[in-house]
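Residue numbers (UniProt numbering), protein chains in the order written: chain A, 1 to 457; chain B, 1 to 457.
Where is the CB? At the ideal position from N, CA and C, for every residue including glycine.
Below is one structure, written out as structure tokens; comments come after it.
Protein chains: 2
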Amino acid sequence: MTSSQAKRLVVVGAGPGGYDAALTGAAAGLAVTLVERGKLGGTCLNWGCIPTKHLLATTQAVAALADQAKQKLVAGEVRPDLAAIQAKKKKLLSATHSAMAKRLEAAGVRLVTGNLAGLEQNVAHVAAGGKTEDIPFDALILALGSRAAAFPGVKPDGKAVLGVAPVLDFTEAPESLIIIGGGAIGIEISEIYHRLGTKVTLVDAAPRLAPAEDPDVSKVVAQVMRRNGIDARAGVKVESLVTDEDGLARMTLAGGEVVTAAKALVAIGRFAPTAVPGLAELGATFANPSPNRAFIATDETLQTAPGIYAVGDCNGRVLLAHAASSQGTYAARHAAGLESGPYAPGPIPGCYYGAPEIMRVGAIAQPGDTVSEAPFVANPMAQAYADTAGFARVTWKDGKVAGLTAVGHGASAMGTLATAIVAQSWTRAQCEALVFPHPGLDETLRAALLGEMKTKD
Amino acid sequence: MTSSQAKRLVVVGAGPGGYDAALTGAAAGLAVTLVERGKLGGTCLNWGCIPTKHLLATTQAVAALADQAKQKLVAGEVRPDLAAIQAKKKKLLSATHSAMAKRLEAAGVRLVTGNLAGLEQNVAHVAAGGKTEDIPFDALILALGSRAAAFPGVKPDGKAVLGVAPVLDFTEAPESLIIIGGGAIGIEISEIYHRLGTKVTLVDAAPRLAPAEDPDVSKVVAQVMRRNGIDARAGVKVESLVTDEDGLARMTLAGGEVVTAAKALVAIGRFAPTAVPGLAELGATFANPSPNRAFIATDETLQTAPGIYAVGDCNGRVLLAHAASSQGTYAARHAAGLESGPYAPGPIPGCYYGAPEIMRVGAIAQPGDTVSEAPFVANPMAQAYADTAGFARVTWKDGKVAGLTAVGHGASAMGTLATAIVAQSWTRAQCEALVFPHPGLDETLRAALLGEMKTKD
């Protein structure tokens, strides 16, 4: 089959979902066009997973020193040069952009820089440089990503009140920072700037921090953040957040309390850019169809209309890069006829890399569930790192592991192991049979897997 | 069954193997006596795994700062207080000793502090405080551990030439340190004292460092150690190592070169304390029966004679704490009649926690084997940690994973995951199906698992 005869796949969005969809489609023999309006790599590479991990990793010595200094075992000072750290980040991202572009080219993917202006049956209209190109397709994969949500009175204004992207690009740490949103983004960024010497205030309207996690995980999050000196508060309603006349971020809470800071970050959720002209007319449907908060609804094969797939953040299933990659790979294979069954990826791990670290896969324990658990305080590695808060917990269903979570030192590094165990629904006997290396932080997970089973209150 | 009627199990040695054997035996209803001449926890807890990890973890900020400082992203200085670090170590070890003793007591294990002076049929003679107690047994588990090897001219003298225990107890870092032995102990201790400002010279007679590992792993070990400023040399024969008249350690190499240092560590291998009077007469046999280098030979049920088991280091199978635990647990269950098949623990991981970190499970790739691999330099986490040397490698047999190794940043934390994959002999399709969290150092293992298969030269 020559390229002109090949089935034509158009992928919109070059984040993890779209990029992997394009490469997978090309490997499967499709004629692939990838449309991206901005930078390759999407939110993950440019304003999400990678920049946050870069900032956490480059400043890790600050946290390691602080933990040991509390015990008076180590003294000294560590001074990160944020401008240099950002310059290196730019260099690394730029190298990654080049490598991605080369790989697309080598795979025969046509890359079009432009904005999806509209859709018609089997044609995508892409606007670029004042012109519109009509790109025909047999199958379309929308990998549109997501945008930060806002609400009236709490909205980035480009002055002191900002979204994630500019906050991750600061070349000088602000003296103080307000963060609205106690999810993964808020928790990681609070740790980053805390390490850089910023006075951080974090608030969330939800009754607890990390509201998507096990409630006992949330307790450890609050405990560790406050112990580290972050003013972290849950159950706090924000009336307004604006830039005041002095250029400061000024947050007014429901009770009347006012907090000011040099800068503020709004990180209160994500929604999909669903306003694509023609998308609904092609049969696409939307979930939670409220203004600015909708996602693209998908069926069990990730299609929102015949031949039109939506993958990654924009379908609202799991807003994580590796979920997008997994979905993009499946959708391209499905479009190529290599998959026919429903999308069934197994469990998708979620990790937080700040302080504390969190890992969660599969079911979260509910009252009445059978659980077993172990604390990090008994782990000699956690003791040596002087960071012993937290625990690992197993949720059992019918004698098999249905969910694993851990919060504490190095918990994020347990994510893959935990995913394998949950994916295979290990029995207690399987957990006993695996020889864990000693010593290791994983041994807290082992202690939980082998711990006394009890019913969760 | 009352205790007086229960089968009597005597366990000699309270390291990981003996301790777990005693607890397992008690849980299985045996009347257990545990004999230990020194401290609970054996080499692992007192002079091995745990103290090295304590010293590595407490000094980690030094390494984290150094990595970022090379890139001029972070400045400052980190000053570990070795005396304070050792004081905390003592406190942690002491707390662990108490916790272990309490757990033994709660389990109904009788703990006898004394030395195994001799064996006769169904009786152990234990010397303690000038007296000898005769302890009858139906089954005996020898968990005798191992001792450091030496050879003529290269032997700790208690002055400047030392074994592991005193080197791990230094309260002041020596200005310079010679280490003979390029295995896990030598590599970890060289990194510990390098971080503490000591000038380290490490030599090994083997043609490469980490001689038990994949030869390409050894190359990375040499590269990283030398880059860090450690004078690490393989293929070097030591003629003699003595304390000279100035109290310095003086090492003379085969070519005539002389190296002096404030202190020296001899870490050139381990052997079992096999010289137990009466042991051979009971039918025990010995492997590699050369003076000072023998181990106790065991059959497929870990018995060296009927009813006499040898577990852990002293049987020479795998000199690692978690191997000892696994064997001790099996032997106690076998003695209690709960196991009848051969000891078959699945793969035993081996990890190095210094610089670089190493993880290895299962087969090591040989020329002609099918392998796939991936470098850490492409991993965004390794990039962010400014520590990108190394790689992960898979050895495939009949389309299934038979071995995994990795050397590089965070490699030791991959040990459990790798063990699960090797234990289950994953196919490529299984590797593809597992969703790894992004970003993560594990993704280098994933890239190796999904990498191009080729034949190893």
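Closer than 9 Å at the beta carbon, the chain A residues around residue i
i                 : result
Phe-391 (chain B) : Within 9 Å Cβ-Cβ: nothing; Phe-391 (chain B) doesn't reach chain A, min ~18 Å.
Val-78 (chain B)  : Ala-61, Ala-64, Leu-65, Gln-68, Val-74, Ala-75, Gly-76, Glu-77 and Val-78
Ala-423 (chain B) : Ala-433, Leu-434 and Val-435
For residue i: DSSP bridge partner residues
i                 : result
Pro-80 (chain A)  : B:Val-74
Leu-441 (chain B) : Leu-441 (chain B) is not bridged to any residue.
Asn-46 (chain A)  : Partner(s): none; Asn-46 (chain A) has no beta bridge.
Lys-91 (chain B)  : DSSP lists no partner for Lys-91 (chain B).
Ser-176 (chain A) : A:Lys-199
Arg-317 (chain B) : Its beta-bridge partners do not exist; DSSP assigns none.
Ile-296 (chain B) : B:Phe-286
Chain A residues whose Cβ lies nearer than 7 Å to that of residue i
i                 : result
Ile-141 (chain B) : The premise fails here: Ile-141 (chain B) is roughly 19 Å from chain A at the closest Cβ pair, so nothing lies under 7 Å.
Ile-85 (chain B)  : Leu-73
Test: residue i CB closer than 9 Å to a CB of chain A
i                 : result
Ala-384 (chain B) : yes
Ile-268 (chain B) : no
Asp-313 (chain B) : no
Pro-380 (chain B) : yes
Ala-297 (chain B) : no
Thr-416 (chain B) : yes
Met-225 (chain B) : no
Asp-442 (chain B) : yes
Pro-349 (chain B) : yes
Rounded C-alpha distance that separates residue i from residue j
i                 : j                 : result
Cys-44 (chain B)  : Asp-457 (chain A) : 38 Å
Thr-96 (chain B)  : Leu-30 (chain B)  : 25 Å
Glu-398 (chain A) : Gln-424 (chain A) : According to the sequence displayed, residue 398 (chain A) carries Asp and not Glu. So the alpha carbons of these two residues sit roughly 13 Å apart.
Ala-321 (chain A) : Cys-49 (chain A)  : 8 Å
Gln-86 (chain B)  : Gly-256 (chain A) : 51 Å
Gln-71 (chain B)  : Phe-376 (chain B) : 17 Å
Glu-452 (chain B) : Ala-254 (chain B) : 44 Å
Pro-380 (chain B) : Pro-356 (chain A) : 21 Å
Trp-396 (chain B) : Val-371 (chain B) : 6 Å
Arg-37 (chain B)  : Pro-439 (chain B) : 48 Å
Ser-190 (chain B) : Leu-248 (chain B) : 18 Å
Ala-117 (chain A) : Ala-127 (chain A) : 6 Å
Ala-64 (chain B)  : Tyr-385 (chain B) : 8 Å
Val-258 (chain B) : Thr-252 (chain B) : 5 Å
Partners in chain B for residue i, counting only beta-carbon separations shorter than 7 Å
i                : result
Thr-58 (chain A) : Gln-68, Leu-73, Val-74 and Ala-384
Cys-49 (chain A) : His-438 and Pro-439
Neighbourhood of residue i by C-beta, 7 Å cutoff - its chain only, sequence neighbours within 5 removed
i                 : result
Ala-28 (chain B)  : Ala-332, Arg-333, Ala-336 and Leu-338
Ile-421 (chain B) : Val-401 and Leu-404
Asp-134 (chain B) : Val-123 and His-125
Gly-15 (chain B)  : Gly-41, Gly-42, Thr-43, Cys-44, Ala-143, Gly-145, Gly-312 and Ala-324
Asp-442 (chain B) : Met-414, Leu-417 and Phe-436
Contact with chain B by residue i, beta-carbon distance below 9 Å
i                 : result
Phe-137 (chain A) : no
Ile-189 (chain A) : no
Phe-436 (chain A) : yes
Pro-375 (chain A) : no
Thr-96 (chain A)  : yes
Ser-326 (chain A) : yes
Pro-16 (chain A)  : yes
Lys-53 (chain A)  : yes
Lys-88 (chain A)  : yes
Leu-92 (chain A)  : yes
Gly-410 (chain A) : yes
Met-453 (chain A) : no
Same chain, Cβ closer than 8 Å to residue i, five either side skipped, listed in chain order
i                 : result
Ala-378 (chain B) : Thr-444 and Ala-447
Leu-282 (chain B) : Leu-119, Glu-120, Gln-121, Ala-305 and Ile-308
Arg-147 (chain A) : Arg-270, Phe-271, Ala-272 and Pro-273
Contacts that residue i makes with chain A (C-beta to C-beta distance below 8 Å)
i                 : result
His-322 (chain B) : Val-435, Phe-436, Pro-437 and His-438
Ala-106 (chain B) : The premise fails here: Ala-106 (chain B) is roughly 14 Å from chain A at the closest Cβ pair, so nothing lies under 8 Å.
Cross-chain neighbours of residue i in chain B, by beta carbon under 9 Å
i                 : result
Gly-346 (chain A) : Ala-433, Leu-434 and Val-435
Contacts around residue i, its chain only, beta-carbon distance under 6 Å, and the 5 residues preceding and following it disregarded
i                 : result
Val-109 (chain B) : Ala-22, Ala-26, Val-32 and Leu-34
Thr-2 (chain B)   : Model confidence at Thr-2 (chain B) stands at a pLDDT of 45, short of 50, so the residue's coordinates are unreliable and nothing is read from them.
Ala-262 (chain B) : Pro-174, Glu-175 and Ser-176
Listed by chain order, chain B residues near residue i by CB distance under 8 Å
i                 : result
Thr-419 (chain A) : Leu-434, Val-435, Phe-436 and Pro-437
Asp-81 (chain A)  : Lys-72, Leu-73, Val-74 and Ala-75
Ala-6 (chain A)   : None at all; the shortest Cβ gap to chain B is about 24 Å.
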